[in-house]
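Structure, as structure tokens:
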Amino acid sequence: MTARATFAAILLVLLVSAPGAAPTQGPAPRVIEVTAERFEFWPSEIRVDQGEEVELRIRSDDTMHGFRIVGAGTNLLIPKRGKGYAVTRFTGSTAGRYTFECSRMCGAGHNFMRGVLVVRPGGGTQ
Ligand code: CUA
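Numbering (the numbering used here), first residue to last: 538 to 663.
Structure representation (structure tokens):
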């Protein structure tokens with residue numbers, strides 16, 4: 538049993554250190570920082586290229602909020618200020634405009650707390 542564990546450990550090291558080994562998922566996605574605050578997101582417009590994977594890091598500047606990308610199945614709880622941030626990855630495979638909105642009741646302006654995620658067609662062009 539010990540020998541087997543050792544073998545597994547060596548194999549793991551070899552996999553990690555193999556020359557030219559690709560990272561698990563290719564290049565790290567571009568990180569986009571988003572701030573939520575009553576009652577808006579900043580930036581309120583996020584632009585990505587079609588096919589580009591981005592990592593959204595969303596933090597709050599006050600209370601708890603939510604972050605839902607309508608039609609994309611993304612729905613996160615954003616911890617209140619000072620309690621870290623929510624992370625999700627998004628790849629816009631279809632060009633277009635996607636609404637994102639707060640999905641947690643946060644006050645009188647909750648229903649107006651939204652923005653748009655723009656997926657530019659063609660990828661790589663500005
Ligand atoms: Cu922020 Cu609801």
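All C-beta atoms, glycine included, are put in the ideal place defined by N, C-alpha and C.
1. Between the alpha carbons of Gly-621 and Tyr-635, how many angstroms are there, rounded?
2. With respect to 8 angstroms, is the separation between the Cβ of Gly-588 and the closest non-hydrogen atom of ligand 1 below this value?
3. How far does the beta strand (DSSP E) with Arg-594 in it extend, from its first residue to its last?
4. Quick one: residues in its chain with C-beta nearer than 8 angstroms to the C-beta of Cys-639, no 5 flanking neighbours on either side, listed in chain order?
5. Count the other CB atoms, across all protein chains shown, that sit within 10 Å of the CB of Arg-596; report buried if there are 16 or more and exposed otherwise.
6. Please give me, in chain order, every unbroken run of the beta strand (DSSP E) with length at least 3 that falls completely inside the segment 613-649.
7. With a threshold of 16 other CB atoms inside 10 Å of the CB of Gly-629, please say whether the residue is buried or exposed.
8. Per DSSP, which one or two residues make a beta bridge with Arg-657?
9. Can you tell me which of Arg-641, Thr-631 and Ser-581 puts its alpha carbon nearest to the alpha carbon of Gly-588?
Taking the coordinates as given:
1. 25 angstroms
2. no
3. 590-597
4. Ala-573, Phe-576, Phe-578, His-602, Gly-603, Phe-604, Arg-605, His-647, Met-650 and Arg-651
5. buried
6. 622-628 and 633-638
7. buried
8. Asp-586
9. Thr-631
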